[in-house]
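K.L.:
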Amino acid sequence: MKIVFICFTEKGFRTEARLAEGLKNKGHHPMLFAMGTHVLQNVNRAAGPAFEAVKPGELSAWTGAWFSSADAMIFIGACGIAVRAIAPYVRDKRTDPAVLSVDDSGAFVIPVLSGHLGGANALAYEAAGILKACPVITTATDVNRKFAVDVFAKDNGLVIGDMTAAKEISAALLAGDPVGLFSDFSFRGQIPDGLCPDRICLHNFWITYSKPEKLEIGKERLLKLVPKCIAVGIGCRKGTSKEAISHAVQEAFLEHHLDVSGICALSSIDLKSREEGICSLAREWGVPFLTYKKEELEQVPGQFAESDFVKKTVGIGNVCERAAAAACLEAGKEVRLLIPKRAGNGVTVAAACFEPEIRFEGERKRGSKGKADGQEKSGREA
Numbered sequence: 001m002k003i004v005f006i007c008f009t010e011k012g013f014r015t016e017a018r019l020a021e022g023l024k025n026k027g028h029h030p031m032l033f034a035m036g037t038h039v040l041q042n043v044n045r046a047a048g049p050a051f052e053a054v055k056p057g058e059l060s061a062w063t064g065a066w067f068s069s070a071d072a073m074i075f076i077g078a079c080g081i082a083v084r085a086i087a088p089y090v091r092d093k094r095t096d097p098a099v100l101s102v103d104d105s106g107a108f109v110i111p112v113l114s115g116h117l118g119g120a121n122a123l124a125y126e127a128a129g130i131l132k133a134c135p136v137i138t139t140a141t142d143v144n145r146k147f148a149v150d151v152f153a154k155d156n157g158l159v160i161g162d163m164t165a166a167k168e169i170s171a172a173l174l175a176g177d178p179v180g181l182f183s184d185f186s187f188r189g190q191i192p193d194g195l196c197p198d199r200i201c202l203h204n205f206w207i208t209y210s211k212p213e214k215l216e217i218g219k220e221r222l223l224k225l226v227p228k229c230i231a232v233g234i235g236c237r238k239g240t241s242k243e244a245i246s247h248a249v250q251e252a253f254l255e256h257h258l259d260v261s262g263i264c265a266l267s268s269i270d271l272k273s274r275e276e277g278i279c280s281l282a283r284e285w286g287v288p289f290l291t292y293k294k295e296e297l298e299q300v301p302g303q304f305a306e307s308d309f310v311k312k313t314v315g316i317g318n319v320c321e322r323a324a325a326a327a328c329l330e331a332g333k334e335v336r337l338l339i340p341k342r343a344g345n346g347v348t349v350a351a352a353c354f355e356p357e358i359r360f361e362g363e364r365k366r367g368s369k370g371k372a373d374g375q376e377k378s379g380r381e382a
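Our numbering puts the first residue of the sequence shown at 1, with every later residue one more than the last.
(1) Output yes or no for whether 7 Å exceeds the beta carbon distance between VAL102 and ILE86.
(2) Under a three-way DSSP split, which group does ILE234 fall into?
(3) Could you tell me which of LYS211, CYS201, ALA172 and LYS167 sits nearest to ASP184, measuring between CA atoms?
(4) Count the CB pairs spanning the segment 335-353 and the segment 232-245 that are closer than 8 Å, and state whether there are at least three.
(5) On the DSSP letters alone, give me the boundaries of the alpha helix (DSSP H) that LEU281 sits inside.
(6) Can you give me the C-alpha to C-alpha distance between THR139 and GLU306, rounded to a whole angstrom?
(7) Leaving out the 5 sequence neighbours to the left and right, which residues in its chain are closer than 6 Å to SER273 when beta-carbon positions are compared?
(8) Which ranges does the alpha helix (DSSP H) cover as unbroken runs of at least 4 residues, wholly within the segment 57-95, from first to last along the chain?
(9) Span of the alpha helix (DSSP H) holding PHE51?
(10) How long is the line joining the alpha carbons of ILE76 and THR15, rounded to whole angstroms?
(11) Please confirm if the segment 50-61 is in contact with the segment 139-153, defined as three or more CB-CB distances below 8 Å between the two stretches.
(12) Once DSSP output is grouped into helix, strand and coil, what is the label at THR348?
(13) Report yes if the CB atom of LEU225 is closer than 7 Å to the CB atom of LEU158, and no otherwise.
(14) What does a CB cutoff of less than 6 Å around MET31 pick up in its chain, not counting 5 residues either side in sequence?
(15) Could you tell me whether the Cβ atoms of LEU123 and ALA72 are closer together than 7 Å?
(16) Can you check whether the CB of LEU195 is closer than 7 Å to the CB of LEU181?
(17) Am I right that ILE263 and VAL287 are in contact with their C-beta atoms under 8 Å? What's the rounded C-beta distance?
(18) Considering just the uninterrupted stretch of the beta strand (DSSP E) at LYS2, what are its terminal residues?
(19) Does the segment 165-173 come into contact with the segment 147-156, if we say contact requires no fewer than three beta-carbon pairs (one atom in each stretch) closer than 8 Å?
(20) What did DSSP end up calling ILE110 once you bin it into helix, strand or coil?
(21) According to DSSP, ASN144 sits in a beta bridge with which residue or residues?
(22) From SER267 to ALA327, what does the alpha carbon distance come to, in whole angstroms?
(23) What separation, rounded to the nearest whole angstrom, lies between the Cα atoms of ASN156 and ASN318?
(24) Given this structure, state the Cα-to-Cα distance separating GLY119 from LYS55, to the nearest angstrom.
(25) Which residues bound the beta strand (DSSP E) around ASN121?
(26) Cβ atoms of LEU117 and LYS154: under 7 Å apart, would you say?
(27) Is ALA20 helix, strand or coil by DSSP?
In structure tokens:
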């Protein structure tokens, strides 16, 4: 995680430096800042770690500058300072960074924002371990040791379809109500208390990349969690616009009842590595654009629709299907073609998927790569 720190006292700087060093040793990337005339005058820059100064009165501007680019922000000082600083910039728990407050003595570590999806709670435990401090966790599911669907989604790389429904699931579990669990994929680990596999309850969640027409079963609510396990292979005429490519992909997904939030990569032949329309779309969707040499695509196993025209043009009879499959093979998983080659308006699209690894917390904590307790649970489509 890219973590920015700011402190306001000389004592706070010593805590900041100690915590930053500990987190750096754990693989994080800390950046140190300090604000206030007294702390800047008394901190020995030559002997201490490198840091940058923030001028008095510029805390809000500093916070705004880092809020959208840092993974986490740690304020070494009163919790109220952190709350006031971040207040104008808080938008959405799916995108807001983790924010922590640590007192300048390093006795308490308080997650202020994005405890689950942003990772503030997990970071608080790490920080408390380094400082030998007390983590002050107030999230209800953590305090009551209940399954948290947002943490489960984050740990497994699942896209949450409806945050309101996710909150309702947490509330149901805290109230002792059962929650239905459905999955199109096998999963591992001990199923948490309160979850009922393949049973429709008042609140339910479904792990799928399918796109059903409705997400309600009568009065029952259904939250969809989408695994990012679909690679899209693309071929196009030179200079094709991002909009045309996006339309072709979305039209193909709509036709096959697939959710575009399950896309993990765009892919093509290396001749298209600088095709601006595809590159721009990959940036917009926040996914990598993977390209492969003709020889690499030829080695991809499977049955593909060959085209003499494409072979004459780029030296291989099928680009999009092979590229999609190649991108999935990078995950080292079994590959399945979801969308056969589909051409129109100068764009060809195909999609392949790999089987995602879905694990519950018990197995993940043990770090096991095998079946939890010798068991593997299988889900089915709702």
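Note that the Cβ used here is the ideal one computed from N, Cα and C, for glycine as well.
P.N.:
Based on what the coordinates show:
(1) Between VAL102 and ILE86, the C-beta gap is not smaller than 7 Å, which leaves the two residues out of contact.
(2) Correct three-state label for ILE234: strand.
(3) When only C-alpha atoms are compared, the closest one is LYS211.
(4) Because the criterion of three Cβ pairs below 8 Å is met, the segment 335-353 and the segment 232-245 touch.
(5) First-last of the alpha helix (DSSP H) with LEU281: 276-285.
(6) Whole-angstrom Cα-Cα distance: 55 Å.
(7) So the list reads THR291, once near-sequence residues are dropped.
(8) Counting only runs that start and end inside the segment 57-95, the alpha helix (DSSP H) elements of at least 4 residues fall at 59-67 and 79-86.
(9) Per DSSP, PHE51 belongs to no alpha helix (DSSP H) and is neither H nor E.
(10) Here the alpha carbon of ILE76 sits roughly 8 Å from the alpha carbon of THR15.
(11) Segment contact: the segment 50-61 against the segment 139-153, fewer than three CB-CB distances shorter than 8 Å; contact not assigned.
(12) In the structure shown, the three-state DSSP call for THR348 is strand.
(13) Yes, the Cβ-Cβ distance between LEU225 and LEU158 is below 7 Å.
(14) A distance below 6 Å between beta-carbons, with the five flanking residues on each side excluded, links MET31 to the following residues of its chain, in chain order: VAL4.
(15) Yes. Within cutoff.
(16) A contact, by the Cβ cut-off of 7 Å.
(17) With a Cβ gap of about 6 Å, ILE263 and VAL287 count as contacting.
(18) For LYS2, the uninterrupted beta strand (DSSP E) run begins and ends at 2-7, by DSSP.
(19) Segments in contact, yes.
(20) ILE110 falls in the strand class under three-state DSSP.
(21) According to DSSP, which records beta bridges pairwise, ASN144 is partnered with nothing at all.
(22) Each residue's alpha carbon lies about 7 Å from the other.
(23) Rounded to the nearest angstrom, the two C-alpha atoms are 32 Å apart.
(24) GLY119 and LYS55 have their alpha carbons spaced roughly 29 Å apart.
(25) Note, ASN121: premise wrong, no beta strand (DSSP E); alpha helix (DSSP H) at 120-131.
(26) Their beta carbons are under 7 Å apart, which means LYS154 touches LEU117 by this criterion.
(27) DSSP places ALA20 in helix when its eight states are reduced to three.
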